[in-house]
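Taken in sequence, the protein lines are chains A and B. Sequential numbering from 434 applies to the first sequence in the working numbering. Sequential numbering from 92 applies to the second sequence in the working numbering. One structure is given here, and the rest of the page talks about it.
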Amino acid sequence: MTPAVELGWWGVPIAVVGGAIRVSTPYLFVSLGETLTEKSGRVNLGLEGTLVMGAMSAYAVAYLSGSPWLGVLVAGLAGALLGLVHGAVCSLPRVNDVAVGIALFLLGTGLAFYLGKPYIEPSAPRLPHVSLGAWSASPQVRAALEINALFVAGAVLAPLLRWALRSTRWGLVVRATGDNADAARALGHSVAAVRTLATVLGGFLAGVGGSFLSLYYPGTWNEGLSSGQGLMAIALVIFARWNPTHCLWVSLLFGGATALGPALQSVGITSNYYLYGAAPYALTLALLVWSSSPKQALAGAPSELSISR
Amino acid sequence: MTAPAAASPPAVEFTGVTKRFGPVLALDDVSLRLAPGGFHAILGENGAGKSTLVKCLMGYHRPDAGRLLIDGRERVVVGPRGAHRLGFGMVYQHFTLVPSMTAAENLVLGRDDLPAVVRWDVERERLEAFQRRMPFTLDLDRPVATLAAGEKQKLEILKQLFLGRRVLVLDEPTSVLTPDEADQILGVMREMTRQRRLTVVIITHKVREVLAFAADVTVLRAGRRVGGGPVDGLGRDDLVRLMVGAAVPPPAPRAERPPGRLLLELEDIRAINDRGVLAVAGLSLGVRAGEIVGVAGVSGNGQRELVEVLAGQRDPEGGTIRVAGEPYRRTRRQMRRHRVSVLVEEPLRNGCVRGMSVAENLALGNFDEPPIAAGLLVSRRALRAQARELIARYRIRAPGPDARLETLSGGNVQRTALARELSRRPAVLVAQNPCAGLDVAATADIRARLMEARNGGAAVLLVSEDLDELLELADRIVVMFEGRLVHETSREAADVHVIGHHMASHR
């Protein structure tokens, strides 16, 4: 074996770690947002649409204004707006949140494609990153340790959200609403208002996750950008058992699975590239099958969720 | 806290209360007077308006007419929070605790002045200091989902006291408790009223509790106040007559007959519940022809899972079921061959199709047999003919065979389910809480039908949380605790307190 090949093989785990951090960011934001929404007792399946809408609006605003951070903010606001539509429609009597979510998924992606046509060609400024790999001489290590700013924000947000759900009035009320709506009503809280607010905030986070796709990695805007990451993030919430810090670990796991294909390609294994590309989808399916049981309800599921009733 | 701890509870006068829900007059000029430190019972059947009355007081409903005087001053309750500010608190029949939260979180959650950021160290100290002043204590760190029904009831009461409520309404507080637990909790409540720390209102349909604990009573029937006053001057029969409006029908006659052959045998049945925990832990039991075996127990000790196993709704983890000596596999064919009927609890949710008509629901067991099945088709005429016959025979009050099941009252849904199961002349009948939530007339009717089936030679397994029901009907009573049978007694030797003791386990 030549030394070069040896170094190349070491490159695979390094590339997977770097890829995990890079690719996991949208999963992390969408799953944190969905965790919050589901904790209040509502499902928003429209976050795939929110993600794409966030990607488009972030790219457009960053291109037009020159500021990527303004793009992130607008992506969040666009997501919040979609969340508000979902929350408001679902507050009407006898409206099924799953059906509304699917409608909003289609609306969000369709609207983003329609409004985003002019922005496929031009290039927008990218989000900054933090380089933690300066100590290493290896370019692979350096590349892997370029941590993007949004990942750092998400990694801080996950434990913060967990703390907030446990130790703030707002968090306790959200959990009460998601677990026993009658209890929340008896306490004098408006179930519809709490759920709508949680959906708006969840939409905001998903929108921010979308901005990462167009402004950092892959860093362009096109229609195939998301390829179902928003939907997978929703499945990931179930696997993370509605626990925000678990969302962080699980997102990294999924990010690593997504990075596997490109990492292997970088060392010259190009056969079965598309098979490796399917790794995150296969992982989603496998984890959901493994963590589900026909005999028992999901542990930790908010009991007001329509999927757990 | 909303009220200073030393203040004595207020005098409450809630007069001329009228409330309509659409065309239904739920409350018609009802008045309720609560003396400070009183123990007041509101007695009535289901649907008499008891809950509506207190929900008006609690700001849940806005009454159409009526005035509220507190210590002589006129007040208006705006929403549940408005009621909290006046010092009113309520423990609902269906607990309003959040199951995934710990006891401590549930206690703190109720505070109307909950700060934006909860400092758990401070809250802990306060909760522990509070618990030291209270008559019962709980482990604050346990999630509510793991508490037994009696502990949840105590937690609900603790929560109201922690929140500084001075007038505490308990809606059917003893429906999920063993007799001993009920006596303990109501005894503590009575003691607190005697110390004038609290005014207590209990909503109940149990005359025994009114006579044993309450100082005053208001009796409601069909939305009107039909009597009441100090309990001292009233006897059991007076209260029952006021509540029911007629004499209570006598219990169904029990034919003296020796038990026949063993029809239903359960051997070492094990089943897990929805959370994956073993709920039925090796249960063995036999029921003979012509006897009713009653299974007593506090809700949540595996009764639901056991009945679901027998109904074919849940797969057991192990054990065998035999009917008439043969292994029984719970398929439709075997149910027919062995004539096994199961009357599950809450049939509207669990054993009927709410959007289908009464006739269709009555035919769920035999629509695929002649005469209703005509080749591949269903004969609507035969379906309706069967329905008309059963509606008349079982006195189901329905607009007609084509009425949707969900438009019927609870008692008539139960009668429909019972008619469907009994019309197949079962050899083995399993029934769970068949009279829960029904009025006295419907209860008497359904109990008589069960007794009739037993007298006719059926083996009846009656799983019930109502001890009085078991004492009236059963030939033998077994007690189920944590998925096992822990006690067995014959009808003659049955003693409420011994059974209650076993229901609470021999820990």
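In this text, a Cβ means the ideal position worked out from N, Cα and C, and glycines have one as well. On a predicted model such as this, the values are computed, not experimentally measured, just so you know.
Bounds of the alpha helix (DSSP H) holding B:Glu396 are Gln394 to Ala402. Close CB contacts of B:Gly170 within its chain, under the 7 Å cut and outside five residues either way in sequence, are with Gly150 (chain order).
Following the DSSP letters along the chain, one finds B:Gln251 inside the alpha helix (DSSP H) bounded by residues Ala240 to Phe253.
Using a CB distance cut-off of 8 Å, B:Pro171 counts as an interface residue toward chain A. A:Gly621 and B:Arg172 have their C-alpha atoms spaced approximately 6 Å apart. Under a criterion of Cβ atoms nearer than 7 Å, no residue of chain A is adjacent to B:Met225; the nearest Cβ is some 21 Å distant. B:Gln523 is bridged by DSSP to B:Val554. Contiguous alpha helix (DSSP H) elements confined to the stretch 379-465 of chain B occur at 394-402, 423-429, 438-441 and 449-453, taking only those with 4 or more residues.
Contact note: A:Ser473 does not reach chain B at a C-beta cutoff of 8 Å; the least C-beta distance is about 12 Å. At a Cβ-Cβ threshold of 8 Å, A:Ala513 and A:Gly640 count as neighbours. Among the CB atoms of chain B, none fall inside 8 Å of the CB of A:Ala673. Residue A:Ala577 holds the alpha-carbon nearest to the alpha-carbon of A:Pro695 among A:Trp723, A:Pro551 and A:Ala577.
B:Val322 is positioned such that its CB atom lies no closer than 8 Å to that of A:Leu605. Residue environment for B:Thr507: buried (at least 16 other C-beta atoms within 10 angstroms of its C-beta). Bounds of any alpha helix (DSSP H) do not take in B:Ala102, whose DSSP letter is neither H nor E. Residues are counted here when their Cβ sits less than 8 Å from a Cβ of chain A; for the stretch 252-274 of chain B the count is zero. In the DSSP annotation of this structure, B:Arg233 is not part of any alpha helix (DSSP H), being labelled neither H nor E. DSSP, read as helix, strand or coil, puts A:Thr678 in helix. If you draw a 10 Å sphere on the C-beta of B:Glu300, you find 16 or more other C-beta atoms in it, and that means buried. At a cut-off of 8 Å between beta-carbon atoms, B:Glu196 makes contact with chain A.
Note: B:Thr309 is bridge-paired with B:Ile133 and B:Gly319 in the DSSP secondary-structure output.
In this structure A:Trp723 is exposed. Its beta-carbon is surrounded by fewer than 16 other beta-carbon atoms within 10 angstroms.
Runs of the beta strand (DSSP E) lying entirely within the stretch 151-231 of chain B, each at least 3 residues long, are 156-161, 164-166 and 179-182 in chain order. Across the stretch 619-631 of chain A, CB contacts with chain B closer than 7 Å involve Ala619, Leu620 and Gly621, in sequence order along the chain. If you compare the alpha carbons of B:Val389, B:Leu369, B:Arg352 and B:Gln394 with that of B:Glu382, the shortest gap goes to B:Arg352.
A contact is defined here as three or more CB-CB pairs under 8 Å, and the stretch 419-429 of chain B fails this definition with respect to the stretch 582-592 of chain B. Beta bridge pairing from DSSP links B:Val569 with B:Val386 and B:Glu579. Cβ-Cβ separation between A:Ala673 and A:Leu721: approximately 12 Å, too far for a contact (criterion under 8 Å). With respect to the C-alpha of B:Arg257, the residue from B:Gly409, B:Leu481 and B:Ala174 having the closest C-alpha is B:Ala174.
A:Gly663 is a Cβ neighbour of A:Leu484, given a cutoff of 8 Å. In terms of beta-carbon proximity, B:Thr143 stays away from the interface with chain A, with every pair separated by 8 Å or more. Using a Cβ distance threshold of 8 Å, B:Leu188 and B:Glu242 do not count as a contacting pair. Boundaries of the beta strand (DSSP E) harbouring A:Glu579: Glu579 to Asn581, taken from the DSSP string.
Apart from sequence neighbours up to five positions away, the residues of its chain that approach B:Asp230 with a beta-carbon distance below 8 Å are Ala194, ordered along the chain. In this structure, B:Ala402 places its C-beta atom within 8 Å of the C-beta atom of B:Val435. DSSP, reduced to helix, strand and coil, places B:Val267 outside both helices and strands of the structure shown, so it counts as coil.
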